[in-house]
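Residue numbers (the working numbering), protein chains in the order written: chain A, 121 to 274; chain B, 121 to 274. Glycine included, C-beta positions come from ideal geometry on N, C-alpha and C. Owing to the predicted nature of the structure, the values given are computational and were not obtained by experimental measurement.
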DNA sequence: TTCCAATGGTCTCACTATGAGACCACGTCT
DNA sequence: AGACGTGGTCTCATAGTGAGACCATTGGAA
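Written out as structure tokens, the structure reads:
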């Protein structure tokens, strides 16, 4: 197991490093690297959750809201707009009374599910290790001591 | 191509939907779903970039800062702390004068590179489609018209 | 009949997270 | 002697976010 996995990991590492080097070359325009823009969107707290919710099936506005209970209407609207603007979801209005609106993944949005699934998978597999690490870190905080372990010791 | 890719996509879709359903069952504790916590961290604008930067090799504080130029010292410090707390990176202090500090990925952090690479790969492959979609969306904004296409038409 | 809920949003207000930049203590280079 | 680089922390102004009021309409319940 170590062999193949380590191989994949090394490959991933090298490719990411390579990408990063490429981005860093030339003057740094900040928005010069388009991946930044894309990652920012995905990095959004709600965006990812909405996409996952829509992975099941199309949802209406209220359904999304119920599926992701702790999102405010304001942010839900904004996230849906952003997602629609980026072409990841599609918005359909039906002339019912009152009018109903349905959101569904586009083909582009669906293509995102694969890498997203890889990430969610990783998160599920490693959440315990992360929780453990947090416990260790928090326990090691120099609360009882007056010792400042972070500032420069001079 | 359509066959295999579509197959993977369907699989990803179904698995994500399945996960989401599981999370949604029982009363929603918000923090009940640990994946939320992990995704929030990854969703962080800077976290991901720092991890990618460290994929190359260990970096010192100032090096990370130069690698990700538009991050403030404040957020860099905080992001590095969070990453360290989650066990994704390790912090080493060397007793040089002035003391130098090195950050490197842990094994857990390195394991994140694989799904992260998948995501970055997707972002690079699809950034043009996204940019195009944004263009279309922005062009379709009812600026010239007084028409409000978003609010309910009553 | 009248009142309430649900539809999909928008708008305002308060709070919080973020970025810019000063400051620190030390040592080295000019 | 004065400026700079080390890795941070601290304050302050501004940006982003969440809570909740509000809107217009219609259907169902009281």
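According to DSSP, residue i sits in a beta bridge with which residue or residues?
i, result
"residue 162 of chain A", "Partner(s): none; residue 162 of chain A has no beta bridge."
"residue 180 of chain B", "B:222"
"residue 209 of chain B", "B:225"
"residue 214 of chain B", "B:220"
With C-beta atoms as the reference, is residue i less than 8 Å away from residue j?
i, j, result
"residue 208 of chain A", "residue 226 of chain A", "yes"
"residue 126 of chain B", "residue 175 of chain A", "no"
"residue 145 of chain A", "residue 129 of chain B", "no"
"residue 202 of chain A", "residue 161 of chain A", "yes"
"residue 159 of chain A", "residue 168 of chain B", "yes"
"residue 210 of chain A", "residue 180 of chain A", "no"
"residue 244 of chain A", "residue 171 of chain B", "no"
"residue 135 of chain A", "residue 228 of chain B", "no"
"residue 242 of chain B", "residue 195 of chain B", "no"
Following the continuous alpha helix (DSSP H) through residue i, name the residue where it begins and the one where it ends.
i, result
"residue 227 of chain B", "227 to 231"
"residue 204 of chain B", "193 to 205"
When DSSP labels each residue in this structure, what does residue i get in the three-state scheme?
i, result
"residue 221 of chain A", "strand"
"residue 131 of chain A", "helix"
"residue 264 of chain A", "Model confidence at residue 264 of chain A stands at a pLDDT of 46, short of 50, so the residue's coordinates are unreliable and nothing is read from them."
"residue 270 of chain A", "coil"
"residue 258 of chain B", "helix"
"residue 154 of chain A", "helix"
"residue 240 of chain A", "helix"
"residue 171 of chain A", "helix"
"residue 235 of chain B", "helix"
Within 10 angstroms of the Cβ of residue i, are there 16 or more other Cβ atoms? Answer buried if so, exposed if not.
i, result
"residue 142 of chain B", "exposed"
"residue 206 of chain A", "buried"
"residue 163 of chain B", "buried"
"residue 234 of chain B", "buried"
"residue 192 of chain B", "exposed"
"residue 199 of chain B", "buried"
"residue 252 of chain A", "exposed"
"residue 237 of chain B", "buried"
"residue 132 of chain A", "buried"
"residue 140 of chain A", "buried"
"residue 256 of chain A", "exposed"
"residue 259 of chain B", "exposed"
"residue 124 of chain A", "exposed"
"residue 232 of chain B", "buried"
"residue 213 of chain B", "exposed"
"residue 274 of chain A", "Caution is warranted here: a pLDDT of 47 is assigned to residue 274 of chain A, below 50, making its placement in the model unreliable, and no coordinate value can be reported."
"residue 265 of chain A", "Confidence at residue 265 of chain A is low in this model, with a pLDDT of 47, below 50, so its placement is unreliable and the value that follows should be read with caution. Counting Cβ neighbours within 10 Å, residue 265 of chain A comes out exposed, since fewer than 16 surround it."
Go to residue i, then tell me how far its beta strand (DSSP E) extends in each direction, as first and last residue.
i, result
"residue 145 of chain B", "Residue 145 of chain B -> no beta strand (DSSP E), and no H or E assigned at all."
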